[in-house]
Each structure stands twice: as C-alpha cells, then as structure tokens.
Amino acid sequence: MSSRPRIKETPVTMDTFLKGIWEENPVFVMLLGMCPVLAVTNSTINALAMGIATTFVLLGSSALVSLLRRGIPKQVRIATYIIIIATFVTIVDYLIQAISLELYNALGAFIQLIVVNCMILGRAESYASRNNVTKSVVSALGMGAGFTIALLCLGTVREILGAGTLLGFPLFGADFEPWVVMILPPGGFFVLGSWLLIFALLKQRKTKMEELTRAH
Amino acid sequence: MPTESLGFIFLNALIINNFVLASFLGICPFLGVSGKLNTAFSMGVATTLVMLISSICAYFINILLVTFDIEFLRLIAYIAVIASAVQLVEMSMKKFSPTLFRALGIFLPLITTNCAILGLALFQTYREYNFPQSIAYSFGAGGGFIIAIILMAGLREKLELADVPGIAQGAAMTLMLGGILSLIFMGFAGMGGA
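Rendered as structure tokens:
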C-alpha cells in the first residue's frame, strides 16, 4: 500500500465499480478500444477470452501505475505507462499460449495489440495516476467488467446470427441459413452500430420522460 | 521466407486485406479523425510516415532479438521504438516543416496508440518478410489507411448536409458507414488467389 495521500480522497463506493459498467462504459459510451471490440467478437468464447485478458492487463497496470505514481517523472510518464502495460500483455500472451493454443490462434495478434488499447492507457493516465491503489483497482475491475460485457453483447449476437450457434451449441436446427456476413468484418460494424442505436433510443426516451415529469 | 512478389504484398495490404476495413487495425483514428477531409488526409500521411520508420526499425530489432535469443522482449522493444519514432517524427517535422507540424500537431502523439502501426510491425515479423518486402508492406498498409480514412471523411462531409434521424447521429451513423465500406472492400477478397 502507498503512504497516506496528502489530499483527502473520496472513499471507495459501489459507484466507483458500477461507473465502468454503465455510466462510463468504455465501449458503448466512451468508444475506446474499438479495434479488439470489432475484430475478435465473431464468437462468444473469443469475446469472453479477450475481455478477461484485457481486464487482467487493465487491473495489473492500474495497480502498478497507482503504486508508482509518485515515483514516475512527469516528462516520461506515457513511455513508462506503455512499458508497464507491455509487460503485463507479454504475461497474458504467454499465459493464453500455455492454456489453450486453439484460443491463442483464434485471437491472433490481437492479444499483443492489447498494448495499444487506448482504454488502458487512458485509464492509467486519467485515473490510476491520480488515485490510490484500492480505488484504482476497484475502478479497473468495473471498467474491465464493462468492457467484457460489451464484448459479450457483440459476440453473442454475431455468433447467433452468423453461425446459428451459442458457445458452439447449435440453436436453430439444420434449416437455419446463417448470415455469414455477421461473422465477417462488416458484421462487426453493423452490430456495434445497432447497439449504439439502441442505447441512443433508450437515452432519448429517458430524457423525454424526464421532461414530461418536469412539465407536470 | 515467403516468395510473394513486392507488388502483390503492396496490393494485398492496400486493398485486399485493407488494414482498417478488413483487419480492424487503426479503428480509433478511423472513427475519431475522419470528420474533415484535410485533417483525415494529414493524419493518413503522418501515419504512413511513422509506419515506414517503425517497420524499418522493427526489422533490424527483430534480427537483434533473434541473435540474442530474447524474443519475449519483442513487444516491449517494438512499442518503445514506435513511441520514440513518433517523437522523432514530431521533432524533425517541427524543425524542417513547421507548417505541416502545425497542421498535424495534436494528431502526432495519438499515432503511438494506433494499433495499425504495432500490428504492421508484428505481422511482418510473423510472416518473416525480408527487408524490401517489409518496406512494400508498410507502404501498402499506409496507403490502405489513407484510402479508408479519406473515403470515410468524404462520406461524412456529405452526410452533414443530409437529414439524419436524431438517434442515428454521431458514432452509430459512422459505424454503419464503416460497415458498408467494409462490405464493398470484401468484394476484393480472394483477388490474387490469396
């Protein structure tokens, strides 16, 4: 644990965790880290693996950056963050290779490309370098969960429509003609675009309801 | 060692397996900086420049890593090189072409976290391209990035005059456009028997 912070910090609440899942969801609200979101969500299992790997890197780098935040000189902080992140990504890379070679081949270079996921660098710069370890870890968990949920939202829809299966189990029987386009690159764009449309619609309805209640 | 011709490698990265629309690399600037045509073009040129430099550096670093048998450091070495290449481009541009520097100013640091650049360095290592092949590959990838971002910027400039429903404005519309562009580029798939 780091020494007591000089500035009085707000305590860790449930909100620190939940913010990453809903209010500041990295994918649906902040549109960060889009490359893996679109590239590896052609099946549910890939999406889940990518989500967990990213969460691990986010957690490790947030904790370390937060721990070292007083020792890192301001001028070289970005380079330092990237090196820290790259170290954790290398660990994940070798871990996945050891656990399941099949999964490793399916995810391809995108495991190593977690290094340049702007969400992780963004969190290191804007959150972990300014908050204590406990808060950074809780927030990183929330953000990681939000990212994983978003990946699953895309992965399940694309797998069900594009292959007619869920986690590899066929859903519709032999007569179903899969929409192959959904597991190809364009499907990624279309499904994410549709999710954003749904969220925009929900938001619009919410603001309309609030206006109505205020008017009455 | 692959025996593909230089022209094929170039075309492959440029159109058939376009970095942005088929491999999903560099989506962040593709969605973020494609609002205006000239900034999009500047971003594309700067990215290509950094791609070329980091591709050359990555080639020699890989030789070094293989000689000393420390390939597990590849990722860390590459990203450090890319970050310094971006810094280098930024400094030399400031010295030699201040106008271009001002035009690109804010986008230059962003290039570090463009996954297309790290992706290029990693792919050329996996495919064991030799030196000229790596150069052709980086030119193709850079050109492909410029094509994709310019197409998107042109479409988005036209869209500003169109009557888009409120909920579809912004990111959702851009993603749908990206999907359509990606569909178009899928028509090139299979060209050259790849």
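Respectively, the protein sequence lines represent chains E and G.
Residue 50 in our numbering sits at position 50 of the first sequence, and the numbers go up by one each step.
Residue 1149 in our numbering sits at position 149 of the second sequence, and the numbers go up by one each step.
Glycine included, C-beta positions come from ideal geometry on N, C-alpha and C.
Contact belief for residue i with residue j at Cβ below 8 Å, rounded distance in angstroms
i                       : j                       : result
residue 151 of chain E  : residue 41 of chain E   : 6 Å
residue 166 of chain E  : residue 44 of chain E   : 7 Å
residue 1134 of chain G : residue 1059 of chain G : 5 Å
residue 1152 of chain G : residue 1120 of chain G : Rounded, the Cβ-Cβ distance is 20 Å, inconsistent with contact.
residue 1179 of chain G : residue 110 of chain E  : Not confirmed; about 19 Å, so no contact.
residue 115 of chain E  : residue 86 of chain E   : 5 Å
residue 191 of chain E  : residue 157 of chain E  : 5 Å
residue 185 of chain E  : residue 1182 of chain G : 5 Å
CB contact flag (residue i, residue j, <7 Å)
i                       : j                       : result
residue 1147 of chain G : residue 1040 of chain G : no
residue 28 of chain E   : residue 199 of chain E  : yes
residue 1125 of chain G : residue 1031 of chain G : no
residue 1057 of chain G : residue 1081 of chain G : yes
residue 1122 of chain G : residue 112 of chain E  : yes
residue 1034 of chain G : residue 1156 of chain G : yes
residue 136 of chain E  : residue 61 of chain E   : no
residue 1068 of chain G : residue 1144 of chain G : no
residue 1028 of chain G : residue 118 of chain E  : yes
residue 1172 of chain G : residue 68 of chain E   : no
residue 1013 of chain G : residue 1050 of chain G : no
residue 12 of chain E   : residue 138 of chain E  : yes
residue 140 of chain E  : residue 59 of chain E   : yes
residue 51 of chain E   : residue 148 of chain E  : yes
residue 155 of chain E  : residue 47 of chain E   : yes
residue 49 of chain E   : residue 101 of chain E  : no
Residue closest to residue i, alpha-carbon to alpha-carbon, out of the options
i                       : options                        : result
residue 129 of chain E  : E:97, E:145, E:98, E:84        : E:84
residue 81 of chain E   : E:126, E:111, E:138            : E:126
residue 1053 of chain G : G:1023, G:1118, G:1190         : G:1118
residue 1044 of chain G : G:1090, G:1096, G:1141         : G:1141
residue 1185 of chain G : G:1008, G:1009, G:1015, G:1010 : G:1015
residue 146 of chain E  : E:24, E:197, E:97, E:50        : E:24
residue 1187 of chain G : G:1003, G:1062, G:1022         : G:1022
residue 90 of chain E   : E:77, E:102, E:205, E:54       : E:54
residue 956 of chain G  : E:159, E:195, E:39             : Outside the shown range of chain G, which is 1001 to 1194, sits residue 956 of chain G, and nothing can be said about it.
Residue i CB to nearest heavy atom of the ligand ATP below 6 Å
i                      : result
residue 190 of chain E : With respect to the ligand ATP, the structure shown offers nothing to examine, as it has no ligands at all.
Alpha helix (DSSP H) segment containing residue i, residue limits
i                       : result
residue 1077 of chain G : 1074-1096
residue 132 of chain E  : Premise fails: residue 132 of chain E is in no alpha helix (DSSP H) and is neither H nor E.
residue 1133 of chain G : 1131-1159
residue 87 of chain E   : 77-99
residue 195 of chain E  : 185-215
residue 15 of chain E   : 14-21
residue 1038 of chain G : 1037-1068
residue 123 of chain E  : 118-123
residue 38 of chain E   : 34-39
residue 1117 of chain G : 1115-1126
* Asked: Going along the chain, which residues of the stretch 115-133 of chain E sit with their C-beta nearer than 7 Å to a C-beta in chain G?
  -> Interface annotation for the stretch 115-133 of chain E against chain G: 115, 116, 118, 121, criterion Cβ-Cβ distance under 7 Å.
* Asked: Looking at chain E, which residues of the stretch 1106-1123 of chain G have a Cβ within less than 9 Å of any of its Cβ atoms?
  -> Here the close residues are 1109, 1110, 1112, 1113, 1114, 1115, 1116, 1117, 1118, 1119, 1122, 1123.
* Interfacial residues, the stretch 13-40 of chain E to chain G, with Cβ spacing under 7 Å -> Per Cβ criterion, the list reads 31, 34, 35, 38, 39.
* To do: Could you list the residues in the stretch 1166-1179 of chain G with a C-beta less than 9 Å from some C-beta on chain E, going in chain order?
  => Under the 9 Å Cβ criterion, the stretch 1166-1179 of chain G contributes 1166, 1167, 1168, 1169, 1170, 1171, 1172, 1173, 1174, 1175, 1176, 1177, 1178, 1179.
* Closer than 9 Å, Cβ to any Cβ of chain G: which residues of the stretch 75-107 of chain E, in chain order? -> Near chain G, meaning a CB-to-CB distance below 9 Å, the residues of the stretch 75-107 of chain E are 78, 79, 82, 83, 85, 86, 87, 89, 90, 93, 94.
* **Near-chain E residues of the stretch 1024-1053 of chain G (beta-carbon distance less than 9 Å), N- to C-terminal order** => Going along the stretch 1024-1053 of chain G in chain order, one finds 1024, 1025, 1026, 1027, 1028, 1030, 1031, 1032 with a Cβ nearer than 9 Å to chain E.
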